[in-house]
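One structure is given here, and the rest of the page talks about it.
2 protein chains.
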Amino acid sequence: MSCCIHLMLYDFIAEPGNNELTVKEGETVTITNQNIGGGWIEAQNSRGEVGLVPEDYIEVRSTVTDVGNTLLSLAALSLPLSSLTFSFSCLFQASNGNDPWSVWNADPSGGSNNNWASNPEGTQTGKTAADPWSAASQGHPQAYQGPGAEDDEWDDEWDDMKSTGGYAESESGESGAMQRGGAHATSMKISLNKFPGFSKSGPELYLLCKQLAKGKEKLPIYMGEVGPVWSYPESQLDCVVADPKKGSKMYGLKSYIEYQIVPSTTNRPVNHRYKHFDWLYERLLDKFGSAIPIPSLPDKQVTGRFEEEFIKMRMERLQGWMTRMCRHPIVSCSEVFQTFLTYKDEKDWKTGKRKAEKDETVGVMIFSTIEPEGPDLDPVEVEQKCEQFSRFTKSMDDGVKEILTVGHEHWKRCTGPLPKEYQRIGKAFQNLSSVFTSSGYQGESTLTDAMTAAGKTYEEIAQLVAEQPRKDLHFLMETNNEYKGLLGCFPDTIGVHKAAIDKVKEGDKLVATSKITPQDKVTMAKRVSIMSYALQAEMNHFHSNRIYDYNRVMQLYLEEQVKFYETIAEKLRQAHSQFTTM
Amino acid sequence: MSCCIHLMLYDFIAEPGNNELTVKEGETVTITNQNIGGGWIEAQNSRGEVGLVPEDYIEVRSTVTDVGNTLLSLAALSLPLSSLTFSFSCLFQASNGNDPWSVWNADPSGGSNNNWASNPEGTQTGKTAADPWSAASQGHPQAYQGPGAEDDEWDDEWDDMKSTGGYAESESGESGAMQRGGAHATSMKISLNKFPGFSKSGPELYLLCKQLAKGKEKLPIYMGEVGPVWSYPESQLDCVVADPKKGSKMYGLKSYIEYQIVPSTTNRPVNHRYKHFDWLYERLLDKFGSAIPIPSLPDKQVTGRFEEEFIKMRMERLQGWMTRMCRHPIVSCSEVFQTFLTYKDEKDWKTGKRKAEKDETVGVMIFSTIEPEGPDLDPVEVEQKCEQFSRFTKSMDDGVKEILTVGHEHWKRCTGPLPKEYQRIGKAFQNLSSVFTSSGYQGESTLTDAMTAAGKTYEEIAQLVAEQPRKDLHFLMETNNEYKGLLGCFPDTIGVHKAAIDKVKEGDKLVATSKITPQDKVTMAKRVSIMSYALQAEMNHFHSNRIYDYNRVMQLYLEEQVKFYETIAEKLRQAHSQFTTM
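Chains as they are written, first to last, in the numbering used here: chain E, 108 to 689; chain Z, 108 to 689.
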């Protein structure tokens with residue numbers, strides 16, 4: 108592996124004391140040891156410095172097929188195809204150390220990692236790269252999934268499926284590509300919405316579709332107190348992800364982790380490997396992505412330093428992801444999701460898998476299944492709602508990123524310098540105490556014992572301080588990180604709506620130039636109203652979940668903080684009681 | 108002033124955000140503004156950088172008389188006179204930026220600021236120079252008093268007295284010099300003990316003195332449970348230093364601060380200016396310095412940024428100094444100390460002053476007044492005790508310096524980065540709360556109010572953290588700083604004893620070479636035993652005070668720490684109560 112070009116995709120700032128290596132985006136490195144595990148690789152930079160870097164931050168360049176993958180990841184990075192030829196040239200420049208991404212940062216869409224057309228925080232993703240959380244979905248699930256794609260342990264047959272699917276679509280940018288196929292096809296569909304050359308093809312497909320598929324599946328929207336709402340099942344689905352087991356195949360040549368998922372409905376456990384979750388994600392994204400933000404899996408998040416820790420963390424995050432999907436009335440009731448949770452045997456699962464992959468109602472066509480109660484909405488109102496949601500999700504994204512940044516710095520302080528300082532205070536007290544013991548003066552044992560105890564207390568405090576973040580800050584970070592991922596999907600979802608609204612706006616012109624009939628125009632207005640109902644229902648779902656999640660996590664955080672400070676106070680009270688002034 | 112050479116005496120590390128200027132020992136600077144006040148001066152370094160530096164860190168070189176003072180301060184810096192000529196030359200090198208002190212660091216006595224013949228911490232004094240506490244007596248009261256001597260606002264007549272006194276002795280290094288005169292004579296006497304060329308003259312004077320002055324003043328030593336002890340008065344003297352008033356003279360051309368001192372005995376207030384305290388210090392050092400460590404005044408300690416704060420701090424430390432003197436059975440009962448506390452009027456004060464200055468029983472002669480009960484001590488035991496005290500005071504000096512260093516760093520963190528971080532956490536919560544408020548979704552005011560409250564709570568915590576050191580760490584630092592000053596005196600006190608012991612050891616040789624009579628030898632042994640009784644009594648006094656002081660300050664510190672953590676826990680509990688999961 109070390110024979111080919113290794114290119115850093117993102118900045119990575121080494122955490123002190125973890126023998127990590129700080130690298131810049133676009134820097135080339137040599138792999139010195141790839142068997143570190145836990146998502147880490149040992150690499151050497153041009154200055155000969157050696158250290159650990161997250162493997163997902165590295166892009167390998169060697170063979171033609173890799174260039175193929177690159178093509179996919181470029182697409183995933185939401186680049187106009189027109190720029191591909193150019194980007195190839197810079198890929199090869201990369202070999203002599205140039206930064207192939209730099210040119211793309213000039214891209215008005217704000218660079219590869221950032222979906223928010225004009226996001227001031229955009230640059231922060233680099234800053235906080237060392238943060239186990241900020242390594243998560245970079246606001247753009249596909250841009251995020253892209254680069255690391257080759258590390259996934261797919262079966263061969265899946266690989267073929269993926270690559271043929273991938274190539275096909277990425278070369279022919281037709282609307283046909285929007286309807287079926289693997290991850291990258293989908294990611295391309297989503298991401299292309301941002302580019303004038305393609306965006307309209309998305310909603311157009313639905314807005315002007317002659318006759319809508321008369322499938323049995325219907326997604327009603329009711330008018331609730333808060334406005335349009337999805338129809339919620341009586342009992343909310345839930346599931347437990349647990350008991351990760353190492354499995355192996357090909358006579359142990361290939362090993363993998365299998366998780367057990369137990370849905371609250373059947374209580375019957377089913378087993379899935381990570382790649383199955385990934386498959387589910389792609390299906391959900393493919394089917395609901397235009398109407399419902401589907402957060403990316405906790406895939407490329409660099410967390411555990413060691414395999415165990417990594418597996419534990421990944422499971423915790425898969426649980427979080429599944430819980431969120433279970434809480435969504437549309438997703439949780441969808442056939443593909445139910446198949447995933449309740450398949451009876453291998454055969455049943457394979458059948459369900461094929462059925463899901465054949466599903467025609469994907470992309471924007473999902474809107475054709477939505478049936479809102481209530482009158483058509485006035486286009487002006489539709490646009491206002493859309494604008495409002497866009498503003499809100501944007502500013503919440505900023506707010507969440509701020510908490511992640513601050514929280515990460517706090518984490519570093521609490522696990523680094525602060526406990527060291529309390530330790531030194533503790534040592535200083537104990538040293539003075541032992542000096543006093545050497546005085547040879549009688550009757551000062553009370554003082555020396557008390558000072559030793561006080562010193563030990565500060566050493567205990569040091570430990571409490573260092574351990575605390577895992578008990579409270581961790582969950583605050585996890586929740587905000589989940590929301591960062593979720594919010595990262597909205598620009599695409601909202602993008603589809605904006606494109607639809609624009610289409611409706613040029614309705615008259617299109618009629619005048621007889622591109623469409625007056626009837627088409629009426630239909631479009633009706634359908635964009637349906638899309639708006641869907642968007643509003645989704646936003647209301649998002650809000651109610653948000654309120655619940657933040658209440659819960661803030662309670663947990665503050666509760667633990669109170670315990671923390673009370674424990675310290677109590678320890679100090681005991682230390683205090685040992686001193687006596689005669 | 109800016110016309111002459113300004114030479115940095117110590118390293119000074121600027122505290123960030125206080126527009127201070129980092130300077131190296133021996134660096135030359137230009138004074139740009141000396142009317143800053145509070146012990147600060149604005150200076151410019153060779154690189155043109157401008158900032159505040161402690162004025163006491165600057166030595167001014169200009170006129171011949173200054174060179175005279177230099178001579179004194181050199182003596183104060185405990186240099187053998189033999190090296191003076193050489194040091195003169197480097198003083199003038201100083202003008203072209205060289206470090207005149209560096210040569211002295213080669214000095215076996217361990218450099219100008221450090222009295223401990225082989226003190227590993229010695230270098231630390233530089234490191235912690237920015238510390239308001241470490242700026243205090245650098246282990247050597249005289250070395251410390253020396254350099255800054257010229258900033259003191261002495262009346263003219265006092266200046267004369269001092270300089271004549273000073274010159275006379277520093278030029279003729281005879282034993283006559285040991286008995287009377289100004290501060291610098293004394294400081295020289297003490298410091299010279301370290302140098303073979305002079306050390307013997309100190310104890311010799313007493314050990315071989317033909318007939319001891321038959322003064323009425325007697326200092327008995329009794330045998331207590333812990334060994335030899337001074338005789339303590341029934342009721343301990345105490346006094347209150349308060350009510351600093353700005354006075355002025357010469358039609359307001361010269362202004363000064365006058366403090367009110369109220370002794371517990373008379374309850375009648377007397378007024379003294381700083382220079383009177385300084386005069387008292389010199390007298391006590393002169394009279395008792397060989398037997399009793401007399402800590403230097405809180406003179407050159409850079410504390411307040413502004414005059415008020417500076418005066419308040421200086422008063423607090425004068426109070427500390429006076430309390431310690433009051434607690435000493437020998438010092439508090441001495442005539443000079445009583446005069447200082449209880450003089451009736453100006454005339455009475457002047458008379459007392461002159462009497463004290465005429466006192467013949469100074470330097471090593473103080474031992475002639477000591478009358479221990481109990482048998483003469485075996486020379487071996489005398490030496491063992493001396494060694495033991497030397498070891499203990501040395502290691503306690505190290506322990507105390509460690510606490511000061513650690514404490515200072517903790518102080519900086521608690522007033523700098525830590526509160527800033529809590530503030531940012533608070534802001535992040537409040538920002539997210541206001542984003543939520545903008546959602547347009549109904550019924551989340553409970554959440555947003557609670558999050559705003561939580562945010563405000565963390566801002567309050569930031570403030571608590573920043574204010575806490577003044578409430579607890581401050582006193583811990585002050586006490587340790589006092590002890591640092593006190594311990595800095597022991598090397599001189601112990602030095603006198605070591606010299607005496609050596610003298611007795613060579614007794615036989617001296618008899619053989621008939622330098623002394625056999626009778627002299629017997630007398631010396633007896634007198635060194637008396638000195639040992641005194642040293643033991645003083646150590647026992649030191650120990651009992653130490654035990655009391657550290658019990659007291661640790662109690663205070665931990666008490667405040669408990670309150671601090673409890674307050675935070677309570678604030679967080681209130682913030683927590685505002686969140687609700689429906």
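By construction, the Cβ of each residue, glycine as well, lies at the ideal position given by its N, Cα and C atoms. Predicted model, so just to flag it, every value in this text is computed and none were measured.
Legend: CB atoms of the segment 656-673 of chain Z lying less than 9 angstroms from CB atoms of chain E belong to residues TYR657, ASN658, ARG659, MET661, GLN662, TYR664, LEU665, GLU666, GLN668, VAL669, LYS670, PHE671, TYR672 and GLU673.
Flagged as an interface residue toward chain Z: THR687(E), by a C-beta distance shorter than 8 angstroms. For SER153(Z), there are no neighbours in chain E by C-beta distance under 8 angstroms, as the nearest C-beta there is about 34 angstroms away. CYS433(E) is positioned such that its CB atom lies no closer than 8 angstroms to that of ASP350(E). Interface criterion not met: the Cβ of PHE597(E) is under 8 angstroms from no Cβ in chain Z.
In this structure, GLY562(Z) sits near PHE536(Z), with a CB-CB distance shorter than 8 angstroms. Going by DSSP, SER636(Z) is part of the alpha helix (DSSP H) stretching over 625-684.
TYR672(Z) is a Cβ neighbour of ILE675(E), given a cutoff of 8 angstroms. Taking 8 angstroms as the CB threshold, PHE582(E) stays off the interface with chain Z. Listed along chain Z, the residues sitting closer than 7 angstroms to ILE654(E) by beta-carbon distance are GLU551 and LEU554. Taking all protein chains shown into account, ALA619(E) has fewer than 16 neighbouring C-beta atoms within 10 Å of its C-beta and is therefore exposed.
Proximity to ASP385(E) across MET429(E), SER397(E), PRO376(E) and ILE399(E) peaks at MET429(E), based on C-alpha coordinates.
Under a criterion of Cβ atoms nearer than 8 angstroms, the residues of chain E adjacent to GLN495(Z) are, in order, GLY547. Taking 8 angstroms as the cut-off, the Cβ atoms of PHE395(E) and ARG634(E) do not count as close. Those residues of the segment 521-550 of chain Z placed with their C-beta closer than 7 angstroms to a C-beta in chain E are GLU528, ARG531, ILE532, ALA535, ASN538, LEU539, VAL542, SER545, SER546, GLY547, TYR548 and GLN549, ordered along the chain. By the CB criterion at 8 angstroms, GLN685(E) and ALA560(E) fall inside the cutoff. Burial is judged here by how many other beta carbons sit within 10 angstroms of a residue's own beta carbon; LYS492(E) has at least 16 and is buried.
Each residue's CA atom was taken as its position, placing GLY614(Z) and GLU332(Z) some 33 angstroms apart. For THR476(Z), the CB contacts under 8 angstroms within the same chain, skipping 5 residues up- and downstream, are GLY322, GLU324, LYS325, LEU326 and THR468 in chain order.
Contacts with chain Z at 8 angstroms (Cβ-Cβ) include SER502(E).
Taking 8 angstroms as the CB threshold, ALA676(E) lines the interface with chain Z. Taking 8 angstroms as the cut-off, the Cβ atoms of VAL669(Z) and LEU679(E) count as close. Residue-level contact check: MET558(E) touches chain Z, since one or more beta carbons of chain Z fall below 8 angstroms from its beta carbon.
Neighbourhood of ARG680(Z) in chain E, by CB distance below 7 angstroms: VAL669, in chain order. In the structure shown, MET357(E) falls within a coil segment according to DSSP collapsed to helix, strand and coil. Interface criterion met: the Cβ of GLY506(Z) is under 8 angstroms from a Cβ in chain E. Between LEU665(E) and THR373(Z), the alpha-carbon positions lie close to 57 angstroms from each other. Not flagged as an interface residue toward chain E: ILE399(Z), since no C-beta distance is shorter than 8 angstroms. Near chain E, meaning a CB-to-CB distance below 9 angstroms, no residue of the segment 431-461 of chain Z qualifies. When only Cα atoms are considered, VAL347(Z) and THR449(Z) end up about 13 angstroms apart. In this structure, PRO486(E) keeps its C-beta atom at 8 angstroms or more from the C-beta atom of ALA607(E). At a cut-off of 8 angstroms, the C-beta of PHE499(E) has a neighbouring C-beta in chain Z. Distance between GLU566(E) and CYS521(E), taken at the CA atoms: about 14 angstroms. The residue among GLN343(Z), THR586(Z) and GLU494(Z) with its C-alpha nearest the C-alpha of CYS440(Z) is GLN343(Z). In the structure shown, GLY331(E) falls within a strand segment according to DSSP collapsed to helix, strand and coil. ALA150(E) and VAL157(E) have their C-alpha atoms spaced approximately 6 angstroms apart.
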